[in-house]
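Notes for the one structure printed next.
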Amino acid sequence: MKRKWIRLLIILILAVALLIIVSCKPEKRRSADAKPTDAPTTAPAGPHTPAPEPTTTPEVTRAPEGPTPEPVDYSVVQPNEIGEIPIVMFHNFIENLDETTDDEFTTSFQEFEELLETLYNQGFRLISMRDFIEHNITVPAGKIPMVFTFDDGSSGQFNLIEENGKLVANPRSAVGIMIRFHQKHPDFGLKGIFYLNMDKELKTFEGAGTLDERLSFLLSHGFEIGNHTWGHFNLETAKDTLQIQETLGKNEKRLREIMPGVRFYSLALPFGGKAPQELADAVNKGDYDGVAYENETIMAVGYLPSVPSIHIDYDPTYVRRIRSKGKIDVKFDLAYWLPLMTRDRMYISDGNPGTVVVPTGMEKSVAPDKLNGKSLVTY
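This note's numbering applies: residue 3 is where the sequence shown begins, and numbers increase by one.
Spelled out as structure tokens, the structure:
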């Protein structure tokens, strides 16, 4: 009997133990497979690498200004952002070429209108001198940047007329024609730099309005102005530094008297004359009568397209230009160069100003120190 009770006690103990084991298994499974809803979502406190402090530099997270460029198929567009950029030099514009004896430096308004159409259809797009210097090329993918320069400030280039009580650009001037063309083709650009001789005073862009009003009109429409010396002085004949400082600084000083806060930053050499080598520093920058001047580009009369400012061969003290077509064809003028400015030699934009895209093997022509944060891409 005693043995029977012992067996019952053992069976009872085993049953209780089994019941305890079975009841504990679901809790263990829940602990292993699920996280409690109130569990912390961050790592527990203790030694760790602190998270970086929130940045206060907006450039890190700021979206790029303007629309993000669409991806470009390089095999189709074939960008070459180390190719040549044409910088065109204009002088005089008149209605009828039969009325001038100047064979080389005068263009008719009709020819200029036709030229704009030709350039547009061939894929050229205007950029400013400032954008050329800084290599801020924003023309669309597949297009060729071009710079327009105008020397001497003639009325055919630009003059104002009064219309309904307002001063407007004469439609029969280069600027008037460009404004009208830009209204038709806004993607062509409305850019150009005018190199002035300030000693000409009101003869500069002769027409309605004061000189201040004339220059203000140009600047407000996206054009630029540059130094062409006081008196159209041929720097090749300079005898000393003081002579150079006077012709450049006096021009600068007169501009600031008329338009405080505005300065020249580019020089076009009258007659294409370079100063003697020992005087070259005074051409680049100097001071006259308390007014400082500095030329970031010095433009030649030239006969070739220019390399871009990021090219290893770029020389800002002598930037090449191409003269516009005159009354007669002249070797190396724009009419000569247009059929030669093929896509295999010219600057072809990738459409993204933040990158410099060149065919493989041409990256050696890019000056790394001139990229200014832009990415160099080869394909």
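For every residue, glycine included, the Cβ atom is placed at its ideal position computed from N, Cα and C.
Item	Value
Please go through the stretch 185-243 and give each complete alpha helix (DSSP H) segment of 4 or more residues, from N-terminal end onward.	213-222
Glu115 to Lys252, Cα distance in whole Å?	36 angstroms
Taking the alpha helix (DSSP H) that Thr120 falls in, what are its first and last residues?	111-123
Start and end of the alpha helix (DSSP H) containing Asn286?	282-286
Between which two residues does the beta strand (DSSP E) containing Ser268 stretch?	268-270
Taking its Cβ as the centre, do 16 or more other Cβ atoms sit within 10 Å of Pro73, making it buried, or is it exposed?	exposed
Relative to the C-alpha of Phe219, which candidate in Gln245, Leu198, Phe266, Phe160 has its C-alpha closest?	Phe160
Please report how far the alpha carbon of Val359 lies from the alpha carbon of Gly194, in whole angstroms.	26 angstroms
What residues are listed by DSSP as bridge partners for Met91?	Thr151, Arg325
Tell me, please, which residues DSSP counts as bridged to Asn297.	In the DSSP output, where bridge partners are listed per residue, Asn297 has none listed.
Let's test the definition: count the other Cβ atoms within 10 Å of the Cβ of Pro147 and tell me whether it reaches 16, buried, or not, exposed.	buried
Out of curiosity, what's the CA-to-CA distance linking Pro188 and Gly228?	25 angstroms
Use the C-beta contact count for Val368: other C-beta atoms within 10 angstroms, 16 or more gives buried, fewer gives exposed.	buried
Hey, out of Asp75, Ser77, Glu83, Val79, whose CA is closest to Ser377's CA?	Glu83
In angstroms with no decimal places, state the Cα-to-Cα distance between Ala282 and Asp315.	19 angstroms
According to the neighbour-count rule (16 or more other Cβ atoms, all chains shown, within 10 Å of its Cβ), is Arg216 buried or exposed?	buried
Checking the sheet assignment: what are the DSSP bridge partners for Ala171?	Leu162
Sort Ser268, Lys241, Glu101 by Cα distance to Glu254 and report the nearest one.	Ser268
Do the CB positions of Ile324 and Val90 come within less than 7 angstroms of each other?	yes
In the structure shown, what three-state DSSP assignment does Asn382 receive?	Only positions 3 to 381 of the chain appear in the structure, and residue 382 is not among them; the question remains open.
Is the separation between the beta-carbon of Tyr197 and that of Gln247 shorter than 7 angstroms?	no
If we count the other Cβ atoms within 10 Å of its Cβ and call it buried at 16 or more, is Asn297 buried or exposed?	buried
Put Phe334 into one of helix, strand or coil per three-state DSSP.	coil
Could you spell out the range, first to last residue, of the alpha helix (DSSP H) harbouring Arg132?	131-136
Go to Val379, then tell me how far its alpha helix (DSSP H) extends in each direction, as first and last residue.	Not the alpha helix (DSSP H): Val379 falls in the beta strand (DSSP E), residues 377-380.
Compare the Cα-Cα distances from Leu250 to each of Ile260, Pro262, Leu237, Met261 and report the closest residue.	Leu237
What residue range is occupied by the uninterrupted beta strand (DSSP E) comprising Val309?	Here Val309 belongs to no beta strand (DSSP E), and DSSP marks it neither H nor E.
Spatial neighbours of Gly275 within its chain, please: CB distance less than 6 angstroms, with the 5 preceding and 5 following residues excluded, ordered by chain position.	Asn236, Leu237, Glu238
Beta-carbon within less than 6 angstroms of Pro318's beta-carbon, same chain only, minus the 5 sequence neighbours each way: which residues are those?	Thr299
Let's test the definition: count the other Cβ atoms within 10 Å of the Cβ of Pro341 and tell me whether it reaches 16, buried, or not, exposed.	exposed
In the DSSP output, which residue or residues are listed as bridge partners for Leu385?	Nothing about residue 385 can be reported from this structure: the residues present for the chain run from 3 to 381 only.
By how many angstroms is the C-alpha of Ser156 removed from the C-alpha of Lys205?	8 angstroms
Is Val79 helix, strand or coil when you go by DSSP?	helix
When the distance is taken between beta carbons, is Ser311 closer than 7 angstroms to Ile135?	yes
Which word fits Pro396, buried or exposed, when buried means at least 16 other C-beta atoms lie within 10 angstroms of its C-beta?	The displayed coordinates of the chain run from 3 to 381. Any statement about residue 396 would go beyond what the structure contains.
Please identify the residue among Arg345, Ser110, Met348, Ile139 whose C-alpha is closest to the C-alpha of Pro355.	Ile139
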